[in-house]
Amino acid sequence: MENSQKGFIPVMLTPFSDNGSIDYPALTQLTEVYLQAGAAGLFANCLSSEMFELTDAERIQAIKHVINVVGGEVSVIATGTFGGTITKQADFVKRVYDTGVEAVIAITSLLADENDGDEVFNANVFDLLAQTDNIPLGFYECPVPYKRVLKPTQLQQFVATDRLIYHKDTSLDLNQIKEKLAYTQGHKFGLYDAYMVHAVESLRAGSAGLSCIQGNYFPELIVWLCDNYNDESLVEEVNIVQQFIIDNMDVMHNVYPIVSKYFLQKRGLNISTYTRREVGLFTPQVIKEVESLFKDYTTLLNDFNIKVII
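Counting from 22, one number per residue, gives the positions in the sequence shown under my numbering.
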């Protein structure tokens, strides 16, 4: 993989109608927004998609819908492990792969219990690999139901099988990311960082790109950062964008994804703020903070040559 070329992989939202059903017209529009922003791929059926609040049938249907909208323009990946025996998880991995995704993502915290050691986890991963033929897989260090961060040596073992092509890292540890990158060189594999506080440093260290919730507010800004992180003529601008994201981390994480859906509403997307997942109260104070973020982002856009997509 060419280290200088970076990609943004959005962690897709699931739009719902106010009655709680999946809003497929809004999902179409949202998918097109990601594509128009320049996304290098799409991560469907993830935590931002409220995957744990979807039925198996809804998961499959939503993934298929995204793939149909994308029409081969970029690759789509999607989560395929939701607990139970490894055989049960392998069976659903196959169902997800049959939708046409490039790779199926395994949730690290669902491949072993929280009190299980690395030996149990590793054995379960190799069992999953054995039961899923040659299906390309990836890992997501999802914080739910608990966070299991892989050690660099663990990731090395799995990548060496040439079955693992994607890893969404949530370690929040730049040194660990550098180790993971060093241990996984020479394979068709990409580490995508979720932590925007050190996004620029991570990209410069060799991460394949970014896969972060901030892309559900302004995907074009994350694409811009991936495109320009190492441009010597834009050092000041890159630093300003990085600091803008850092300064607004708390606002963007508070009662997410309600806040993200509201922000996209303000940008003109026809999307409800309805969520199935209980994430907290969308209070007047939260609304005020999101509107302030919207105002600040509008100002930032005026200062930069960034194509506005919605």
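In this text, a Cβ means the ideal position worked out from N, Cα and C, and glycines have one as well.
Look up S223 in the DSSP assignment and say whether it is helix, strand or coil. Residue state, collapsed to three classes: helix.
Classify H208 as helix, strand or coil using the three-state DSSP reduction. Assigned with DSSP and collapsed to three states, H208 falls in coil, not helix or strand.
Start-end ranges of the alpha helix (DSSP H) lying completely within the stretch 156-208, minimum 4 residues: Whole alpha helix (DSSP H) segments, 4+ residues: 173-180 and 195-204.
Would you kindly report the start and end of the unbroken alpha helix (DSSP H) that includes T108? I107 to Y118 is the span of the alpha helix (DSSP H), which, as asked, contains T108.
The stretch 90-106 contacting the stretch 303-317, beta-carbon criterion three pairs below 8 Å: Three or more beta-carbon pairs separated by less than 8 Å are not found between the stretch 90-106 and the stretch 303-317, which leaves the two stretches without contact.
V259 and V221 closer than 8 Å at C-beta: The beta carbons of V259 and V221 sit closer together than 8 Å.
Confirm, please, whether the CB-CB distance from N237 to S38 is below 8 Å. Going by C-beta atoms, S38 is not nearer than 8 Å to N237.
Buried or exposed by the 16-neighbour rule on C-beta atoms within 10 Å, applied to L285: So L285 ends up on the buried side.
Three-state secondary structure (DSSP) of I279: Three-state result, I279: helix.
Looking at the structure shown, is A14 part of a helix, part of a strand, or coil, going by DSSP? Shown here, the chain extends from 22 to 331; a query on residue 14 therefore has no answer.
I'd like to confirm the pairing. Which residues does DSSP put opposite G28 in its beta bridges? According to DSSP, G28 bridges with G230.
Provide the residue span of the alpha helix (DSSP H) that contains T319, from first to last. T319 -> alpha helix (DSSP H) spans P305 to D324.
Starting from V97, trace the beta strand (DSSP E) in both directions and tell me its first and last residue. Run containing V97: S96 to T100, per the beta strand (DSSP E) assignment.
Excluding the 5 residues preceding and the 5 following N143 in the sequence, name in chain order all residues of the same chain whose CB lies nearer than 8 Å to its CB. Excluding residues within five positions, the ones whose Cβ falls inside 8 Å are Q175 and Q178.
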